[in-house]
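Enquirer:
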Amino acid sequence: MFKKLIEKGIEKSPWLLHINTGSCNGCDIELVSVITPRYDAERMGFKLAGTPRHADIVVVSGPITSQSKERLVRTLAQVPDPKVVVSIGSCPRSCNVFHGSYSVEGPLDRYCDVDVSIAGCPPKPEAIIDGLAKAVEILKTKRRGK
Amino acid sequence: MNNILQFLFYILIFPGFAFCVVAGLLIAGIDRKLVARMQKRIGPPILQPTYDFLKLLGKETIIPRHAARKVYLAAPVVGLLSLVTVSLFIPIFNFSIFDKPVADLIVIIYLLTIPGVALIIGGSASGSPYAGVGISREMVAILSYELPLVIVLLTIGRKVGMALDGNITFSLKAIVDYQAQYGPMIAQWSMIPAAIALLLVIPCKVGSLPFDIAEAEIEICEGPLVEYSGPPLGIFKLNHAIKMFIMTSLFVTLFLSGAGTNFVALNVLIQFALAVVVTFISISVLKAITARLRVEQTFKFYWTYPTALALLSLVLVWLGL
Amino acid sequence: MDKNIKVKNVIVKTAADFFMPIALIFGLYVILHGHLSPGGGFQGGVIVAAAVVLVYLGYGHETTENVFNENLLKKSETFAAIMYAGFAFLGIFYGANFCRNVLADKMGAAGELFSSGTIFWMNFSVGFKVLTGIGFLSLIFFGLLKEKNNESK
Amino acid sequence: MTNHLPIIAIQVLFLGAFISGLVGYKSNSLRKFVIFLATGTSLVLTLMLFKPVMMEGQIISYWMGNWVPVSDWAIGIGLEVDQLSLFFGLIVTVTVFLGAIYSFKYMSKDNGQDKYYVVFMMLAGSVLGFVFTGDLFNMYVMIEIMTFAAVGLTAFRNHKAESIEAAFKYLVVGSIGSSLILLGTVVMYAQFKTLNLAQITALLNNAQHTPVILFAFALMIGGYAVKAFIVPCHVVAPDAYAAAPSSVSMLFSGIVNKAGIYGMIRLVFVVFASMNLPSMQFLLVFLGTITMFIGVTMALAQSDFKRLLAFHSISQIGYVLTAIGLSTILGLTGGLYHALNHTLFKGLLFLCAGAVLYSTGTTDLNKLGGLAKKMPQTAGLFLVGAFAISGIPPFNGFVSKWLVYQGTFAKSMETNNPGYVFVTIVALIVSVMTLASFIKVTQSVFFGQLPKEFENAEEVPLSMRIPMWILAALCLVAGILPTAVIDYLIKPAVLAIKSAGNYVAVMMGQEYATKIYTEGIAIPKYDYAMAGWNPTSWLILFGVLLIAFALVALTGGFNPRHIVGAENNNAKFDVFFSGEAAEHSHVAGNDLFWGLKHNLKGYFHFMHDVHNGVVNDYALMVVSTTALVMLYLFLLVK
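So, in structure tokens, the structure goes:
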């Protein structure tokens, strides 16, 4: 029973950590708009956490620049299990227009397993909410698998 | 044997552990919902803090390399225990688990300091510099609100003591008796400034906006909580919720109490409803309309306006009004 | 200024020669007759200790350094203190109070040195303590005693 | 035999000093054995006095050399051990015993130990003699020995400039204090032709308080204020506490300023019987209040462990003085209880500071950090001491502070004087500030990140930890069993303070006392209300809750397997630095409370200017304080 309760909790209260790895801020603004009154992701329990220790879902936006690579890897390591990595926008998937730049070391799946990728440049808030909902499902399976 | 069972019931179920947890989580959820509605959002379900707590129980706990392990893990539990203990001492209308007055207000002041101290010690033990900044802010916050809080409580002691037997009283039971006899404390107009001062103290005591300087997640990554994860973090969040309930409940007992009805359950419901109202006035509204203050602004604020209000009340009471 | 004054002044030396025995004798007299005539251990001890100053004035630094053994002085002083306490405790051993004069329960008689019981001995130990103590102090003031490192590390 | 115990207890300490000086050359262990034996014997002898004096209510009077009073004039030197004396005597012997044990290992790195132990024991013996004596001049002599021993010990680590400087300041200011006491004593002797405390008490009872007597009284208050480090005579204390070895700092806060407090109580309550006057109560409460406030605010601004503790010592003495200044039963109970508690927790804290100094070689808050991992026991004990001094239940500071609050507030109700409410408020705020500054120490010394140079720091040896454990246990016991402590220790002492007639009767004979106290010797009623505070049941409650919590936690998700911590170099266990590589960045104590200091910067700048370190100014402060007290007494005491 307790396990079920915890699962319910995990389903209802995913906390996000947003990491910007050299994004143009387009995706960041869309992510912020998700928690504004219009979309209000808090009704599903989403909350932006201040530190990786509190996070369940890590949201990464931007191609991985060489400056941010190390920081990204370190921060990802500091998130407690179970955790899910979500990439927002095209940049973490393919480096988008930054592809081939000397200072870009993306894409993101070189450094960690990406569970959900939300496409778009930038993706719409609805798409982000949808992606986050999928991430919650994956979080639940990960918790069960433990 | 019967006695012990009864005592265990008090401690574990009502008004101790279980009741505290349920009431605290509910009141925290209501607060979040209220704030959301005031900001034209739908807001999280009322059970959201419960879900958060349950989820955190299922997460992994990471102990940083620089942390002092035992203190780090013990701090939240100690805070929770002291909060539960406080809840045993607060009478709910005429219901009090102790026959004779056990806890004075001063005991409660000190016991209510322990969760704050636990947060500080825990954060300090985590070894993070963010936590270092956070604990310094938390401590200044404690220093700030303690002055008006103390004056308010002394005022109430003087008021009740003068009416009852001319002696000083810090007994909560005597305060409730007084209110049963003379009507709620808030109806005494000399006590209104003190009530306002206490209402202003509550947000800082529970660490909500605009006084959540210690746990500012944007500036200092939630301050003392920065390194906490999993169950200990959950217990800290639970502490926060219970503290909210206990502070508002204490306000109700101090200012809005009275004889109550003959049914304990009904009394509890009334107390809870009043606590929700107090939460709305003192925590939710402020949270919805203000931005975070700086630490020295907080200090200045508390040592001027609430202190002045509380002192005004003390002077009025001293003059026999 | 040079710490090691070389005193070659014959007047001072002669005066020191002359007064030192007198100071010693007089000091001892004051100590021993403290219970019979004005004076006592403390005063006598100071007078005896003055002899140290005379030695220094008359014979200078090196002689004084050779004459006095600081370890012995230290030990004598503590020993005298213990001696005093011991005589004081005699009172308790004899069933009276601390410091009680138990060896002779009467006033001292003029001219009889041992007529006053423990008082004489206590006076004597005080005198001993003071003469070593003050002497030691003066030697420290003269800068004669080098701290020898006698600590077991 | 009981009669002889006090003098033997005193003499054993002095003999220990001399014998250790005599045999100490032979070997270190022999010297330690002598010291251990002497302090231990003294402790046992004082404890043997406990039953007759505290429980059976005897007062022991002892005439040196059987020189009993002749035709009602006290000509001999007397010892008089009443409950108040024994209360302080017990504090002294316990502290000295623990301090000596601690010293054995703590001082082993220093040279000149023969001198250290001799002076240490002289200090101990003199304070014990001071509290047991029944003679005004002997009080002066003993406090003079104490002052010089304290100066010597302050200067003990004389390879450091601070020690010499501190000792010099202490010497100057301490000598002024002693001179004031001596002058007071002389004036009293000229007035009453006797030096016996009991007889002076009796003579003063019927005498007019002439200006001459007030003059002597003011001088003595000034003198003992210096000895107890009461603001504004406190200025030398921080230097001395910080420069002395920690085992000595413990004695300073445990017994040296207690001696000042004892002298104060003995004079104002018993000898001059002046505490019925509201103006005298106001004087002591006023001094106490500013003492505790200035002490604690100065402590907030310190960045050295031991200096911070020193200012807290001053602040806690302020509590004691305020409480005894109330002159009610509740106030006296709280004051004496706090004096006892202060000895316990401040001793513990100073020993912790010493342990840190022993392991790391510094007490600078800005350099230390993260020692909890290397010295877990010291850290735990320090937390106990810090919670006790901040008045966190269930430790002892809570009980006594509570009595102080209750006492001041009850006094305000009694006298209808709002000033005492102000005192209550200040006392409560000071308590929170105490907590704040100990949070600062905890954060700066024991938690946070460990600097590279202290990687090799180790837990201190067992013989240093034992006294700390004992003190911590006593802290807890005094917090959990307040009624027992009050019944067996505090209550007799308070009654002794309140019944000066008994004091006279025992020393000078019943007939003499009845002649003086014609209306009989009143013994006050002892009633105090702890208002239902019952820590034992509270603690049981806490325990049950803990079990309950464990049950709830263990049934589900709070799975120990999920608590991970590792010593490997995985980035997962690094402290979160916003993604940057972990580096040493310790938020240390120097400016932890700038939010507070920023708002009160006028006050803090003024205080900074006052504590300027110029000994001339300090001497001036002492003298002018005495002058002001004198003026106050002349103007107000009728």
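Protein chains in written order, with our numbering: chain C, 1 to 146; chain Y, 147 to 467; chain S, 468 to 620; chain F, 621 to 1258. Ideal Cβ placement from N, Cα and C applies to all residues, glycine included. None of the values given here were measured: they were computed from a predicted structure.
1) Would residue 963/F pass as a contact of residue 661/F if the rule is Cβ separation under 7 Å?
2) Which residues in chain F sit within 8 Å of residue 273/Y, going by Cβ to Cβ distance?
3) With a threshold of 7 Å on Cβ separation, who are the neighbours of residue 1194/F within its own chain once the five nearest residues in sequence on each side are excluded?
4) Expressed to the nearest angstrom, what Euclidean distance is found between the alpha-carbon atoms of residue 970/F and residue 763/F?
5) Just to confirm, is the Cβ distance from residue 294/Y to residue 156/Y under 7 Å?
6) Under 7 Å, Cβ to Cβ, is there at least one residue of chain F near residue 192/C?
7) Here's a check: name, in chain order, each residue in its chain whose Cβ is nearer than 6 Å to the Cβ of residue 230/Y, leaving out the five neighbours to either side.
8) Using a Cβ-Cβ cut-off of 7 Å, state whether residue 1176/F counts as contacting chain C.
9) Look at residue 694/F and residue 819/F and say whether their C-beta atoms are less than 7 Å apart.
10) Drop a sphere of 10 angstroms on the beta-carbon of residue 1026/F, count the other beta-carbons inside from all chains shown, and report buried for 16 or more, exposed for fewer.
11) How would you list, in chain order, the residues of chain Y whose beta-carbon sits under 9 Å from the beta-carbon of residue 999/F?
12) Do residue 988/F and residue 1080/F have their C-beta atoms within less than 7 Å of each other?
13) Determine contact between the stretch 277-291 of chain Y and the stretch 437-452 of chain Y, defined as no fewer than three beta-carbon pairs at a distance below 8 Å.
14) I want to know whether the stretch 880-889 of chain F touches the stretch 1013-1021 of chain F - three or more CB-CB distances under 8 Å.
15) Near residue 939/F, which residues of its chain fall below 6 Å by C-beta distance, leaving aside the five closest residues on each side in sequence?
16) Shortest alpha-carbon distance to residue 499/S belongs to which of 596/S, 609/S, 581/S?
17) Are the beta-carbon atoms of residue 773/F and residue 739/F separated by less than 7 Å?
18) With burial defined as no fewer than 16 other Cβ atoms inside 10 Å of the residue's Cβ, what is the status of residue 1074/F: buried or exposed?
19) Nearest to residue 465/Y by CA position, among 806/F, 1037/F, 804/F, is which residue?
20) Per DSSP, what kind of secondary structure is residue 1232/F in: helix, strand or coil?
21) Let me know if residue 899/F comes out buried or exposed under the rule of 16 or more other beta-carbons within 10 Å of its beta-carbon.
22) Whose Cβ in chain F lies nearer than 7 Å to the Cβ of residue 442/Y?
23) Please list the partners that residue 143/C has in chain Y, where partner means a Cβ-to-Cβ separation under 8 Å.
24) For a contact defined as C-beta to C-beta under 7 Å, what are the partners of residue 335/Y on chain F?
25) What residues of chain C sit near residue 1190/F, judged by a beta carbon separation below 9 Å?
26) Assign residue 774/F to one of three DSSP states: helix, strand, or coil.
27) Short of 7 Å Cβ to Cβ, which residues in the stretch 667-700 of chain F face chain S?
28) Residue 631/F touches chain S at which residues, Cβ-Cβ below 9 Å?
29) I'd like to know whether the C-beta of residue 936/F is nearer than 7 Å to at least one C-beta of chain Y.
30) Do you know offhand how far residue 242/Y's Cα is from residue 826/F's?
31) Using a Cβ-Cβ cutoff of less than 7 Å, which residues in the same chain neighbour residue 257/Y once the five nearest sequence positions on both sides are dropped?
32) Below 8 Å CB to CB, which residues in the same chain sit around residue 991/F once its five sequence neighbours on both sides are set aside?
33) What separation, rounded to the nearest whole angstrom, lies between the Cα atoms of residue 1241/F and residue 852/F?
34) Which chain F residues are close to residue 71/C, counting only those with a beta carbon under 8 Å from its beta carbon?
35) Examine the Cβ distances between the stretch 1225-1232 of chain F and the stretch 291-306 of chain Y and report whether three or more of them are shorter than 8 Å.
Expert: So, to answer that:
1) The sequence position of residue 963/F within the fourth sequence is 343, counting from 1. The sequence position of residue 661/F within the fourth sequence is 41, counting from 1. Cβ distance not < 7 Å, so residue 963/F and residue 661/F don't count as in contact.
2) Stepping through the second sequence from its first residue, residue 273/Y is reached at position 127. What residue 273/Y touches in chain F: 990, 1067, 1068, 1069, 1195.
3) The sequence position of residue 1194/F within the fourth sequence is 574, counting from 1. Excluding residues within five positions, the ones whose Cβ falls inside 7 Å are 1202.
4) Looking up residue 970/F in the fourth sequence gives position 350. Looking up residue 763/F in the fourth sequence gives position 143. The straight-line gap from Cα to Cα measures roughly 23 Å.
5) Working through the second sequence from its first residue, we reach residue 294/Y at position 148. Working through the second sequence from its first residue, we reach residue 156/Y at position 10. Against a cut-off of 7 Å, the Cβ pair of residue 156/Y and residue 294/Y comes out as no contact.
6) An answer regarding residue 192/C cannot be provided, because it is not within the stretch 1 to 146 covered by chain C.
7) Against the second sequence, residue 230/Y aligns to sequence position 84. These residues qualify, in order along the chain: 162, 163, 166.
8) Within the fourth sequence, numbered from 1, the residue matching residue 1176/F stands at position 556. Reliability of the predicted coordinates at residue 1176/F is poor, the pLDDT of 46 falling under 50, and no value is obtained from them.
9) Taking the first residue of the fourth sequence as position 1, residue 694/F is located at position 74. Taking the first residue of the fourth sequence as position 1, residue 819/F is located at position 199. Yes, the Cβ-Cβ distance between residue 694/F and residue 819/F is below 7 Å.
10) Counting from one through the fourth sequence, the residue named residue 1026/F turns up at place 406. Residue 1026/F is buried by the Cβ-count criterion.
11) On the fourth sequence, residue 999/F is found 379 positions in, with the first residue counted as 1. The contacting residues are 214, 217.
12) Position 368 of the fourth sequence, counted from the first residue, corresponds to residue 988/F. Position 460 of the fourth sequence, counted from the first residue, corresponds to residue 1080/F. Cβ distance not < 7 Å, so residue 988/F and residue 1080/F don't count as in contact.
13) yes
14) no
15) The residue you call residue 939/F lines up with position 319 of the fourth sequence. The residues are 912, 958, 1024.
16) Counted from its first residue, the third sequence places residue 499/S at position 32. With distances taken between Cα atoms, residue 499/S lies closest to 581/S.
17) In the fourth sequence, counting from the first residue as 1, residue 773/F sits at position 153. In the fourth sequence, counting from the first residue as 1, residue 739/F sits at position 119. Yes. Within cutoff.
18) In the fourth sequence, the residue the question calls residue 1074/F occupies position 454. By the 10 Å Cβ count, residue 1074/F comes out buried.
19) Translated into positions along the second sequence, residue 465/Y becomes position 319. Comparing Cα-Cα distances from residue 465/Y to each of 806/F, 1037/F, 804/F, the minimum goes to 1037/F.
20) Residue numbering aside, residue 1232/F sits at position 612 when the fourth sequence is read from its first letter. Note: residue 1232/F maps to coil in three-state DSSP.
21) Numbered from its first residue, the fourth sequence carries residue 899/F at position 279. Per the 10 Å Cβ criterion, exposed.
22) As a first step, residue 442/Y is located in the second sequence; it is residue number 296 there, counting from the start. Per Cβ cutoff of 7 Å: 1215, 1218, 1219.
23) Here residue 143/C is taken as the residue at index 143 of the first sequence, counted from 1. Those are 204, listed as they occur along chain Y.
24) The sequence position of residue 335/Y within the second sequence is 189, counting from 1. What residue 335/Y touches in chain F: nothing, since even the nearest Cβ is about 20 Å away.
25) Counting from 1 along the fourth sequence, the entry for residue 1190/F is found at position 570. Residues of chain C passing the Cβ test: 77.
26) Looking up residue 774/F in the fourth sequence gives position 154. Looking at residue 774/F - three-state DSSP - the assignment turns out to be helix.
27) 682, 683, 684, 685, 686
28) Your numbering for residue 631/F matches position 11 in the fourth sequence. Going along chain S in sequence order, the residues near residue 631/F (Cβ under 9 Å) are 552, 555, 556, 565.
29) Counted from its first residue, the fourth sequence places residue 936/F at position 316. No, residue 936/F does not count as interfacial toward chain Y.
30) Against the second sequence, residue 242/Y aligns to sequence position 96. Against the fourth sequence, residue 826/F aligns to sequence position 206. Roughly 54 Å separates the two Cα atoms.
31) In the second sequence, the residue the question calls residue 257/Y occupies position 111. Only 228, 231, 232 meet the Cβ criterion.
32) The residue labelled residue 991/F in the question sits at position 371 within the fourth sequence. Around residue 991/F: 976, 979, 980, 998, 999, 1065, 1066, 1070, 1074, 1077.
33) Here residue 1241/F corresponds to residue number 621 of the fourth sequence, with the count starting at 1. Here residue 852/F corresponds to residue number 232 of the fourth sequence, with the count starting at 1. Taking the straight line from one Cα to the other gives about 7 Å.
34) For the purposes of this step, residue 71/C is identified with residue 71 of the first sequence, where counting begins at 1. Those are 1198, 1199, 1200, listed as they occur along chain F.
35) no
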